[in-house]
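Q: Note that the UniProt record's numbering numbers the sequence shown so that position 227 is 227, with each residue one more than the last.
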Amino acid sequence: MTTYVFDRGHVAEQHRCLAAAYDPVTFARLAQTGVRAGWRCLDVGAGAGSIAHWLAGRGAVVLATDVHTDHVPPAPGLTVLRHDVVHDPLPEAAFDLVHVRLVLRHLPERDAVLRKLVTALKPGGLLQVDEFDNSYSPVLRAPDRQAAELYETFLAVKEGVFDAFGVDGAWGRKAPAAMVAAGLVDIDPRVVVHPWRAGSPGVALLAHTTRMLRDKLVAAGLTDAHLAAVRDLLADERFLATSPVVYSVHGRRPA
Ligand SMILES: C[S@@+](CC[C@H](N)C(=O)[O-])C[C@H]1O[C@@H](n2cnc3c(N)ncnc32)[C@H](O)[C@@H]1O
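1. Which of the three DSSP states is assigned to T153 in this structure?
2. Measuring CB atoms only, is the stretch 118-138 touching the stretch 169-183, in the sense that at least three cross pairs come out at less than 8 Å?
3. Does H87 pass the burial test, meaning 16 or more other C-beta atoms within 10 Å, or should it be called exposed?
4. Among V44, A56, G38 and G57, which residue has its Cα nearest to the Cα of D84?
5. Based on the DSSP output, what are the partners of P201 in its beta bridges?
6. Is the beta carbon of R101 within less than 7 Å of some heavy atom of ligand 1?
7. Taking DSSP as the reference, what is the three-state secondary structure of R101?
8. Regarding V25 and ligand 1, is the C-beta to nearest heavy atom distance less than 7 Å?
9. Please tell me whether, using a cut-off of 7 Å, the distance from the CB of G45 to the nearest non-hydrogen atom of ligand 1 is below it.
10. Give the list of continuous alpha helix (DSSP H) stretches no shorter than 4 residues that lie fully inside the stretch 168-236.
11. Pull up the distance between the alpha-carbon of Q128 and that of V61, whole angstroms please.
12. Straight-line CA distance for G9 to A255?
13. State the DSSP-derived secondary structure class of F6, mapped to helix, strand or coil.
14. CA-CA distance, A94 and R16?
15. Would a C-beta distance cut-off of 8 Å place A37 and G49 closer than the cut-off?
16. Kindly give me the distance between the Cβ atoms of L150 and A229, rounded to whole angstroms, as I take these residues to be in contact under 8 Å.
17. Alpha carbon to alpha carbon, what distance is there between G124 and V113?
18. Considering only their Cβ atoms, is the gap separating A75 from H53 smaller than 8 Å?
19. With a threshold of 16 other CB atoms inside 10 Å of the CB of residue 263, please say whether the residue is buried or exposed.
20. First and last residue of the alpha helix (DSSP H) that includes R110?
21. Among the residues of its own chain, which have a CB less than 7 Å from the CB of S243, if the five just before and after it don't count?
22. Is any heavy atom of ligand 1 found at a distance shorter than 7 Å from the C-beta of Y151?
23. Considering only heavy atoms of ligand 1, does any lie closer than 7 Å to the CB of D66?
24. Could you name the residues that DSSP lists as bridge partners for E131?
25. Any heavy atom of ligand 1 within a distance shorter than 7 Å of the CB on A120?
26. Below 6 Å CB to CB, which residues in the same chain sit around T119 once its five sequence neighbours on both sides are set aside?
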C-alpha cells in the first residue's frame with residue numbers, strides 16, 4: 001500500500017468535514033454529466049461514500065473503492081470494494097462515469113493511475129476529477145499582523161508535510177493537462193473558490209487538520225501553542241481568507 005499522510009484515527013471527522021464543504025460542488029458537477037438510472041459509475045477513494053451514495057440515489061449502478069472501506073454504509077445499487085487503485089486492477093471499458101476526489105494528489109503514481117481510470121471508462125465515458133490547488137489561499141483579514149503571519153506559516157508548514165509524503169498540494173491546476181496526457185478529450189474545468197470565515201465548512205476542515213496532522217506538524221517545527229492559536233484564529237469573527245482553489249474537471253474517453 002502507498003504511504004498516506006493522514007492518520008486513520010481522525011478520518012471519520014475528516015470525511016464529515018469534506019462532505020460538508022465540498023459535496024455541493026461535486027454534486028453540481030456530477031449532475032452536469034447527465035448521470036441517470038442505469039449508468040455504471042466508479043468512485044475511487046470513496047472515503048465515507050457520500051458521493052457514491054449520491055450517484056446510487058440517482059439510480060446509477062455504483063462501485064465505490066478505497067483502501068479502507070469501513071466508513072462506507074451500504075445502499076441499494078452500491079457495491080463497496082476494498083481496492084488499492086495503484087496496485088489492483090480495474091475492469092476495462094466498464095464505466096459510463098468515473099469520479100475521483102482528492103485522491104490523485106496523494107499518489108506519486110498519479111499519472112499511471114489516471115491512465116488506468118481512462119482505460120476503465122467505456123469509449124465515450126466521462127471522468128470527473130475534483131482536486132485542490134492549495135498554492136492560492138490568501139488571508140484577507142485577521143485580528144493583527146501576527147495572526148495573519150501565523151496563518152501563512154501554518155499553511156506553508158502543512159504543505160511541507162504534504163511534500164514530504166509525496167502529496168502534490170497544487171495538483172488541481174495540473175489535472176487538465178494530465179487528463180489530456182492520459183488520452184481524454186473535451187476537457188472542461190470548473191474553478192471554484194469560497195470566502196472562508198469562522199463557521200465555514202472548509203474552515204472546519206482546516207481546523208481539523210491541526211489535530212489530524214498534529215504529530216507531523218510538530219515534527220516540522222510548529223508547537224501545540226501555535227496549533228491552538230491557529231484554531232483560535234479560525235474561530236475568530238475577524239478572520240477572512242480565500243479558500244484553496246477547487247478544480248472540478250471533466251474529460252471524455254474518445255468514442
Ligand atoms: C482525502 S480522502 C478523500 C475521500 C473522498 N474521495 C472525498 O473526497 O470525500 C482520500 C481517500 O483516498 C483513499 N486512498 C488513499 N490511497 C488510496 C489508494 N492507493 N487506493 C484507493 N484509495 C486510496 C483514502 O483511504 C481516503 O479515503
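The C-beta atom is built at its ideal place from N, Cα and C for all residues, glycine as well.
A: On the basis of the supplied data:
1. helix
2. yes
3. H87 is classed as exposed because its beta carbon has fewer than 16 other beta carbons within 10 Å across all chains shown.
4. V44
5. Looking at the DSSP assignment, P201 forms no beta bridge with any residue, so it has no partner.
6. Yes, Cβ of R101 sits closer than 7 Å to a heavy atom of ligand 1.
7. strand
8. no
9. With a cut-off of 7 Å, the C-beta of G45 is classified as near ligand 1, since at least one heavy atom of the ligand falls inside that distance.
10. Whole alpha helix (DSSP H) segments, 4+ residues: 171-181, 201-212, 214-219 and 224-234.
11. 17 Å
12. So the two alpha carbons sit approximately 43 Å from each other.
13. coil
14. Between the alpha carbons of A94 and R16 lies a gap of roughly 30 Å.
15. no
16. 6 Å
17. 19 Å
18. Contact: yes.
19. Residue 263 is absent from the model: the chain starts at 1 and stops at 255.
20. R110 to A120
21. S137, V193, H194, W196 and G202
22. no
23. In this structure, D66 has its CB closer than 7 Å to one or more heavy atoms of ligand 1.
24. Y247
25. no
26. E92
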